[in-house]
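Novice: Respectively, the protein sequence lines represent chains A, B, C, D and E.
Take any residue in the first sequence, count from 1 to its spot, add 2: that is its number in the working numbering.
Take any residue in the second sequence, count from 1 to its spot, add 3: that is its number in the working numbering.
Take any residue in the third sequence, count from 1 to its spot, add 330: that is its number in the working numbering.
Take any residue in the fourth sequence, count from 1 to its spot, add 330: that is its number in the working numbering.
Take any residue in the fifth sequence, count from 1 to its spot, add 151: that is its number in the working numbering.
To start, I am sharing the structure in question, which I have written as structure tokens.
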Amino acid sequence: MSIGLLSLIVIALAAAGFLIGRQLALSKAGGDIRRLHSLPGYYGQTVFLFTAVPALLLMLLWLLVQPLLIETRVTSMISAADIPDGSSANLVMTDVRRVAEGIDLILARGQLGETDIAAMRADLADVRSRLAEVGVAVGTNVKPGVFEAAKAYRDLSHGGHLALTVAVLALALAGFGYALSRIRPEFRARNVSEGFVRVLLIAASLVAILTTVGIVLSLVFETIHFFRLYPASKFFLSTTWNPKFGGGSDLGIWPLIWGTLYISVIALVVAVPVGIFAAIFLAEYASKKVRAMTKPLLEVLAGIPTIVYGLFALITVGPVLRDWFAQPLGLGTSSSSVMTAGLVMGIMLIPFVSSLSDDIINAVPQSLRDGSYGLGATQSETVRQVILPAALPGIVGAILLAASRAIGETMIVVLGAGAAAKMSLNPFEAMTTVTVKIVSQLTGDTEFASPETLVSFALGLTLFVFTLGLNILALVIVRKYREQYE
Amino acid sequence: RDQIQSAGSSTVLPYATIVAEAFGENFSFPTPVVESGGSGAGRKKLCEGVGENTIDIANSSSRIKQSDIDTCKANGVNEIMEVRFGYDGIVFASDINGKEFAFTPADIYGAIGANVAKDGKVVANTAKTWADVKADFPAQDILMFIPGTKHGTREVFDTKVIEAGCKATGAYDLFLAAAEGDDKAKEKAAVAQCNTLRTDGTSVDIDGDYTETLSRIDANKNAIGVFGLSFYQNNTDKLRVATMDGVMPSVETIAKGEYPVSRPLYFYVKKAHIGVVPGLQEYIDFFVSDDMAGPNGPLAAYGLVPDPELAKTQEMVKNDVAMGPLN
Amino acid sequence: MNDMRLTERAVETKDIKIAAHDVQVYYGASHAIKDVHIDILDKTVTAFIGPSGCGKSTFLRCLNRMNDTIDICRVEGEILLDGEDIYDKKVDPVQLRARVGMVFQKPNPFPKSIYDNVAYGPKIHGLVKNKAELDAVVESSLRKAALWNEVKDRLDAPGTGLSGGQQQRLCIARAVATSPEVLLMDEPCSALDPIATAQVEELIDELRENFSVVIVTHSMQQAARVSQRTAFFHLGNLVEYGETGQIFTNPKDPRTESYITGRIG
Amino acid sequence: MNDMRLTERAVETKDIKIAAHDVQVYYGASHAIKDVHIDILDKTVTAFIGPSGCGKSTFLRCLNRMNDTIDICRVEGEILLDGEDIYDKKVDPVQLRARVGMVFQKPNPFPKSIYDNVAYGPKIHGLVKNKAELDAVVESSLRKAALWNEVKDRLDAPGTGLSGGQQQRLCIARAVATSPEVLLMDEPCSALDPIATAQVEELIDELRENFSVVIVTHSMQQAARVSQRTAFFHLGNLVEYGETGQIFTNPKDPRTESYITGRIG
Amino acid sequence: MTAEATNMPAKARPSLYAIDPRTKRRNAAEKRFRLYGVAAVGFGLLALVVLLSSVLGSGLGAFRQSVLTMQVPLDAAVLDKEGTRDPAAIAKVTTIAYGKLLQDALTAELTEKALLPAGMKPKDVGGMISKEAPAQLRNLVLANPDLIGTTVSFDALANGRIDGFFKGRVTMESAKLDSNVSPEQLELAQAMRDAGLLALKFNPGFIFAPDASELRPEAAGLGVAILGSAYMMLIVLVLSLPIGVAASIYLEEFAPKNRFTDLIEVNIANLAAVPSIVFGILGLAAFINFGGLPQSSSVVGGLVLTLMTLPRIIIPARAALKSVPPSIKDAALGVGASKTQTIFHHVLPLAMPGILTGAIIGLAQALGETAPLLLIGMVAFVRDYPAAPPEGFFDPASAIPVQIYSWTQRADPAFTERASGAIIVLLVFLLVMNSLAVVLRRKFERRW
Ligand SMILES: Nc1ncnc2c1ncn2[C@@H]1O[C@H](COP(=O)(O)OP(=O)(O)OP(=O)(O)O)[C@@H](O)[C@H]1O
Ligand SMILES: Nc1ncnc2c1ncn2[C@@H]1O[C@H](COP(=O)(O)OP(=O)(O)OP(=O)(O)O)[C@@H](O)[C@H]1O
Ligand SMILES: [Mg+2]
Ligand SMILES: [Mg+2]
């Protein structure tokens with residue numbers, strides 16, 4: 003039975019359980035819902051959950067563990083002689099699996115029976131060509147040891163599979179029976195099923211924690227490696243960023259942090275006012291029709307690939323800024339600049355602020371608007387003094403999200419701001435960000451184990467800690483503000 | 004896994020895709036998957052170990068490094084085949100309507116080196132226009148788009164142009180004289196001095212690819228950019244190429260060794276996967292065959308400078324000769 | 331009850347402050363106010379009474395164009411404030427509402443501090459010159475609304491954290507702080523205890539000396555106590571309008587009579 | 331007023347429905363309810379009276395644990411429903427609230443249709459078997475809340491589009507529809523006209539036959555009319571609690587007396 | 152008390168029609184404010200129009216392609232030397248031979264029609280045909296060996312430069328400088344077009360064909376990329392929306408307010424600021440190296456993008472949940488709804504618009520993301536279509552943004568047009584994805 007079919011059966015059983023559980027609860031209450039603790043559907047749900055969840059979990063676990071077990075068993079069968087020079091048991095296992103798969107296919111075609119296979123010997127029969135016939139390509143001739151291992155692999159997995167099927171179905175049935183046996187009118191079915199929902203919700207929020215742990219883990223080892231090659235003091239204190247291809251680089255993080263902050267700030271200076279004003283206009287002033295049209299249109303801005311923005315910055319905005327501002331003001335002749343990148347990134351971020359804030363503003367109760375209009379406030383006064391404060395927590399969230407995007411953006415910075423790491427106040431100079439350097443150092447042609455590449459990981463981790471600090475700061479500030487009003 | 008997987012240099016990528024495509028068309032194996040992501044990352048992936056979820060081939064625009072080989076060994080990748088399949092030429096070009104230039108390495112160094120030799124002394128480079136560098140150049144602002152330090156091209160640019168220019172102008176000797184320590188340290192310091200470029204915006208690092216450089220030249224008409232030969236050949240209507248030491252870059256001049264700035268291209272094959280991954284042997288044979296990498300093959304048509312010693316490579320690939328220790 | 335106060339009041343001739351002619355209000359297709367003619371006098375307290383859902387709030391909201399904010403609401407007819415049509419194109423509803431203040435039926439304090447709630451109106455209308463004056467206005471408004479003693483120690487606490495009746499008084503204070511010429515109060519005492527109610531009624535009486543007050547109430551007693559004129563609405567119609575004394579003692583319309591006599595509250 | 335009804339009622343001995351001992355409620359640091367002991371009888375209407383802000387709503391919300399939803403609110407002491415501590419860990423507040431229903435001070439209809447507002451409770455509690463029964467429950471609840479006639483033609487209209495008093499009655503209908511054992515009503519008639527008020531009072535009287543009702547009101551008359559027992563709160567203290575007749579005619583505490591005699595509304 | 156009444160600033164009664172100076176100022180401020188709003192929206196829309204028009208302007212061409220129609224004699228002597236019609240033998244003939252065949256066929260046809268300019272070499276004539284054509288012809292023959300020996304009418308793509316000539320990308324002037332095309336070839340192409348041998352046609356290959364190498368931009372298509380993106384988006388949608396909403400419900404409604412939940416909150420906000428490529432690093436470490444999932448597969452891409460999208464969905468969803476007024480919750484709790492019921496029946500529907508907006512923006516970003524895919528091997532040249540799901544999730548695939556990214560890096564200018572075309576496809580993809588969410592959002596929107 004295939005895994006898909008098995009899960010289908012379990013789910014079908016659970017679905018049946020739902021209906022039966024419902025019906026059973028009703029009949030135990032003599033058809034009178036009022037005598038039940040919970041709605042009949044909840045009784046059905048408990049049966050569904052008890053049937054499906056443990057069984058599916060078991061299946062998942064089994065599928066994860068079984069290959070490991072079989073692999074170790076079969077690997078131990080492969081003698082050292084079967085492993086070619088320079089290869090590894092791991093690679094031979096690849097062959098074993100492929101051969102086993104091929105045997106299955108041969109059987110499926112009905113060319114040979116089980117007994118033929120059992121009797122087949124790799125040193126006698128031309129296994130490779132037989133396999134080729136069924137479309138399984140094997141690199142070299144199949145060695146007898148490998149062939150035997152493949153047969154054992156097949157047997158074990160088939161056995162395991164059978165056991166899995168039996169175990170899963172048994173568990174499903176057991177859960178089914180148990181859940182049904184528990185159904186009594188006073189059984190707190192709703193609490194059980196809601197408790198389960200709660201567990202799901204918690205599990206969902208743990209995904210975020212796990213992601214963080216994963217990110218830190220995947221960065222930290224290479225970062226340590228980096229600091230073994232490159233002194234941490236120079237990384238954190240030096241103000242020059244000048245990686246060289248052949249080593250001897252200066253890898254001070256400060257110019258990158260500076261560039262990141264500068265570009266992000268400019269981007270937010272563009273996106274936040276435009277976004278908030280757009281949100282206000284859409285939520286408070288625009289007619290329904292205009293809003294229904296404009297909001298999704300603005301959202302397209304968030305969906306345009308960043309490369310388009312990058313090229314827009316490079317080809318259009320950069321030269322314009324250079325010719326109209328930088329040169330006349332004597333601020334330089336660079337067409338790629340912090341300003342260019344920030345401006346264009348700001349455009350990309352508009353919908354982050356506008357759409358999210360629009361929803362929040364729209365959710366402010368009408369009675370507050372009425373209260374303000376009733377006092378003779380103009381619409382703008384109402385917006386500024388009543389609605390924005392009421393919507394502030396949500397708007398702050400939107401701005402933080404936009405800021406996060408700004409910090410994480412690559413393409414626009416590469417094309418708009420250039421790749422030069424500099425610490426300068428002049429917004430018309432080229433600078434670059436941490437993220438850009440993470441990407442470029444990681445995907446460069448330098449050898450991987452060199453500080454020039456590994457610095458990406460250190461940059462990633464530092465940026466992580468840095469933004470963590472910023473977020474904590476933001477949280478504290480928001481809390482402080484909110485305490486006043488909540 | 005049925006298909007060959009390779010990863011690595013974006014310079015090699017076009018060649019690898021051309022071969023992969025032809026391979027997929029003419030053989031019964033699936034078309035190999037070719038990833039880009041940089042030579043370093045490609046070699047790192049190659050050295051991650053042997054097995055299905057590791058790649059078979061790493062494309063590289065520079066020679067593998069000892070540290071990579073060590074990583075490989077540590078992860079059980081004991082034998083790799085090094086295959087050099089051709090050369091990549093590096094050219095200097097400006098906008099098609101730009102002025103004509105005939106460079107020498109010394110000119111380039113004189114334009115963008117941070118410190119230059121002037122009357123036997125080291126002085127900070129203050130040249131504003133090309134005319135300041137060499138009298139018969141036009142008085143056009145100096146602006147060079149050079150490959151960023153992540154690029155393998157930068158290494159070649161540094162050694163074959165900047166260092167050569169540094170030596171030619173005599174700056175190297177001055178740096179050497181000023182440096183301290185033993186001979187080796189002195190040399191290193193001098194080379195490092197040579198490789199220090201101006202940071203006042205006259206030389207701009209490009210971390211992206213040649214299309215970015217082209218777009219930047221579009222936005223700054225008086226700039227000079229550094230390109231791969233193949234890229235230039237596909238854009239001869241937009242770029243005006245400069246000669247180097249009086250030689251026009253072309254597949255022929257580079258193959259003959261007349262044009263100085265070029266570098267070899269490689270791919271590295273995990274030997275343990277040969278015979279395991281279907282079609283791998285056929286693929287590498289096909290890659291270095293005359294039909295592909297030869298002077299009349301599609302790779303050369305695209306701009307690859309064919310390896311004069313291709314026959315030797317073909318022989319080596321046929322026999323699966325693993326690479327020896329790095330020399 | 332001290333209904334005697336009715337007799338105390340001499341019914342002087344007063345200017346007409348608001349004149350409504352032929353007012354119709356529709357919510358989408360439903361006709362909520364039908365053909366209402368009413369003249370609201372200056373320096374007078376006018377009470378609107380009538381069964382729940384008869385259109386009192388709706389009509390009240392017409393008087394300072396608060397209905398503009400409801401999309402589906404449509405107002406027809408003419409409403410004149412001091413002889414000027416408030417629905418005229420030239421009229422700025424903002425200026426109108428500054429002159430015609432409103433206390434809503436459901437208390438709706440802003441999510442701001444108590445102080446800021448009250449200071450809001452004076453600030454936007456520029457009624458004060460400095461912080462000290464503002465403090466004075468806030469205090470006197472809160473005192474008038476009989477809330478000062480309860481909140482004087484926590485002016486910085488959020489207005490939304492008050493009890494129901496406190497919120498209602500806060501809204502009254504907020505409306506009073508802008509010193510409008512006409513004050514529309516939609517059941518201002520519904521959540522108030524008798525003592526607070528008395529204080530608010532006192533405030534209304536006081537306001538009458540200079541301004542007009544229109545009050546919606548369900549308490550006949552309250553109407554009798556504070557108002558000089560009473561309007562009785564029924565199913566969107568203005569059934570009867572006249573001297574409060576007359577309405578309560580000698581209603582002309584049988585509907586008024588039956589409403590009054592069924593009096594319980 | 332027909333205060334005579336007070337004497338009509340024989341004060342039978344009734345079971346204690348809710349017993350509160352030593353209840354303290356804090357909002358953050360402020361102590362809103364102090365040391366309240368009270369026994370609420372079964373099949374009885376209990377009125378809570380007291381000046382605005384004295385803690386009536388707060389205490390009422392303790393009785394069905396609605397205070398759980400306010401973060402800063404902390405309840406101490408013991409409240410027993412039928413002898414079981416409602417603040418016990420084992421108690422499911424949901425089940426508790428199904429048994430102890432509530433009408434809030436500010437009408438808060440769901441932004442759904444009128445029908446769905448009323449049908450919600452019966453649906454989630456499984457009180458009905460089919461649509462027809464549900465329809466019947468909705469109709470009878472709306473009738474009890476004296477709203478049926480006004481809304482029967484627009485059951486699909488949103489509940490938020492009703493007038494203030496209609497919303498209040500809608501909330502009463504919603505609470506009644508789940509037929510709770512105890513009904514907590516926080517000023518249920520504050521926005522109602524006398525006739526609707528009378529109808530709601532009638533409903534309360536009717537409910538009393540089977541259930542307990544606790545009603546917060548500012549109208550002494552209403553308390554006298556509908557309740558058998560009255561509790562007077564002042565500044566968070568339960569000052570006096572006893573037979574309604576006794577409280578109104580012969581209060582023991584001087585504070586009660588001064589509140590009662592200052593009666594106006 | 153009465154004393155204070157006189158303190159009331161006694162005001163003159165100005166006419167309602169005459170707007171007093173202060174109101175005038177306030178109205179001016181109001182107008183300005185409104186204008187800022189209009190300007191903000193206008194600015195956004197203008198940017199959109201500029202960006203879209205540049206994309207459309209350079210990308211629409213990708214949907215049309217020059218096609219040569221010619222008669223090709225399938226010479227048995229070339230294609231099946233032994234004459235056995237043995238498929239294995241026919242398969243031995245490579246595309247090079249087919250290329251020759253096509254070149255000869257076209258030369259012959261042009262000579263016959265007297266279109267061939269004097270002195271033009273057959274190689275130049277062959278150069279006008281796409282390098283994809285031999286492969287197509289070969290596949291045609293392999294699929295139907297009986298064709299050998301007959302003459303077939305064959306539609307071949309024209310070379311990218313020839314195609315560019317008809318789209319205005321290549322001109323006679325540029326051809327003079329161009330080493331890949333000559334003015335003579337362009338003249339010939341024009342002549343062929345006049346003779347009806349060459350036409351610009353709608354190009355389904357752009358949407359359905361797989362990527363092609365640098366030598367044949369005219370044949371490059373988005374088929375594999377569209378499938379890959381669709382698979383990934385399916386995974387992202389199915390995982391990130393429920394998980395994100397569930398997490399935000401837990402955090403906003405259930406979680407006790409303590410240090411730990413603060414930590415989660417900050418942590419999620421921080422995850423949103425993690426550069427996307429770091430998620431690629433994570434994906435490589437967690438899913439490929441640790442989890443053993445295959446490289447370059449859409450399942451890994453989908454999972455990585457899910458992790459990346461989650462915080463971007465959770466943050467707006469939490470804000471939306473927070474903005475639901477507590478009185479609604481009270482109302483539901485008051486009639487005895489459980490917390491879960493309250494949330495799912497009342498709070499969630501009211502928060503839905505905000506949640507959907509977050510999803511729209513989060514998914515839009517995920518759809519356009521390239522960087523994290525770099526490290527998990529999806530920024531790759533993939534020509535074989537992934538199988539149908541679920542197996543197909545594990546096959547190598549590309550993605551639309553990846554295709555855009557790699558096309559913009561290619562040397563041949565014809566790829567620029569294709570990259571813009573791909574952006575159009577991406578935006579259409581996005582609009583299709585969004586429109587559902589937008590419709591849903593409008594349904595849920597209400598004021599209370
Ligand atoms: N959410 C809250 N946060 C802080 N303080 C509160 C909150 N709710 C009520 N209070 C305070 O607790 C006290 C009692 O409030 P409660 O709402 O119980 O009064 P009440 O007796 O119902 O008054 P009213 O008749 O005006 O409704 C008041 O001083 C009030 O300001
Ligand atoms: N926003 C609205 N949308 C649709 N109908 C409405 C709206 N507001 C009120 N109505 C309807 O208009 C009629 C009059 O409502 P209004 O609020 O004026 O009554 P009211 O006299 O103030 O009643 P109450 O004393 O209960 O507050 C009612 O039938 C009500 O249902
Ligand atoms: Mg009303
Ligand atoms: Mg209260």
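All C-beta atoms in this analysis are idealised placements derived from N, C-alpha and C, irrespective of residue type, glycine included.
Keep in mind it's a predicted model, so treat the numbers as computed, not measured.
E531/C and Q552/C - do their beta-carbons sit closer together than 8 Å?
Specialist: Closer than 8 Å, so yes.
Novice: Does at least one heavy atom of ligand 3 sit under 7 Å from the Cβ of Q368/A?
Specialist: Q368/A: no, Cβ never under 7 Å from ligand 3.
Novice: Confirm, please, whether the CB-CB distance from I419/E to P467/E is below 8 Å.
Specialist: Cβ atoms of P467/E and I419/E: not closer than 8 Å.
Novice: By Cβ distance below 8 Å, which residues in the same chain neighbour V533/E in space, the five residues on each side in sequence not counted?
Specialist: Counting only Cβ-Cβ distances below 8 Å, and skipping sequence neighbours, we find P361, D362, V375, G379, S447, P547, A548 and S549.
Novice: Could you give the distance in angstroms between the alpha-carbon of V189/E and the alpha-carbon of A510/E?
Specialist: Using only the alpha carbons, I get a separation of about 26 Å.
Novice: For the alpha helix (DSSP H) that S78/A lies in, which residues bound it at each end?
Specialist: Start and end: P42 to M79.
Novice: For E369/E, decide whether its Cβ has a neighbour in chain B, counting only Cβ atoms nearer than 8 Å.
Specialist: Not closer than 8 Å to any Cβ of chain B, the Cβ of E369/E fails to qualify, so no.
Novice: Is it buried or exposed for Q8/B, if we count other Cβ within 10 angstroms and need 16 for buried?
Specialist: Per the 10 Å Cβ criterion, buried.
Novice: Do you know offhand how far R236/E's Cα is from S39/B's?
Specialist: C-alpha separation (whole angstroms): 41 Å.
Novice: Taking only heavy atoms of ligand 2 into account, decide whether any of them is closer than 7 Å to the Cβ of T388/C.
Specialist: Indeed, a heavy atom of ligand 2 lies less than 7 Å from the Cβ.
Novice: Mark G443/E as exposed unless 16 or more other C-beta atoms lie within 10 angstroms of its C-beta, in which case mark it buried.
Specialist: It counts as exposed.
Novice: Run through the DSSP bridge pairs and tell me what Y18/B is partnered with.
Specialist: DSSP output for Y18/B lists no bridge partner at all.
Novice: On the CB-based measure, 16 or more other CB atoms within 10 Å of its CB, does R183/E come out buried or exposed?
Specialist: Exposed.
Novice: Quick one: Cα of L217/B to Cα of A96/B, how far?
Specialist: Roughly 10 Å between the two C-alpha positions.
Novice: Am I right that Q443/A and P257/A are in contact with their C-beta atoms under 8 Å? What's the rounded C-beta distance?
Specialist: Q443/A to P257/A, Cβ: 14 Å. No contact.
Novice: Pull up the CB-CB distance for M433/A and K439/A, whole angstroms please, since I reckon it's below 8 Å.
Specialist: In fact, because the Cβ distance is near 11 Å, the residues do not count as touching under 8 Å.
Novice: Between the segment 425 to 434 of chain C and the segment 508 to 521 of chain C, are three or more C-beta pairs nearer than 8 Å?
Specialist: Touching, yes.
Novice: State the DSSP-derived secondary structure class of Q486/A, mapped to helix, strand or coil.
Specialist: With a pLDDT of only 49 at Q486/A, under the threshold of 50, the placement of this residue in the model should not be trusted, and no figure is reported.
Novice: Terminal residues of the continuous alpha helix (DSSP H) containing F95/B?
Specialist: Taken as a continuous stretch (DSSP letters only), F95/B belongs to no alpha helix (DSSP H), being part of the beta strand (DSSP E) at I83 to D98.
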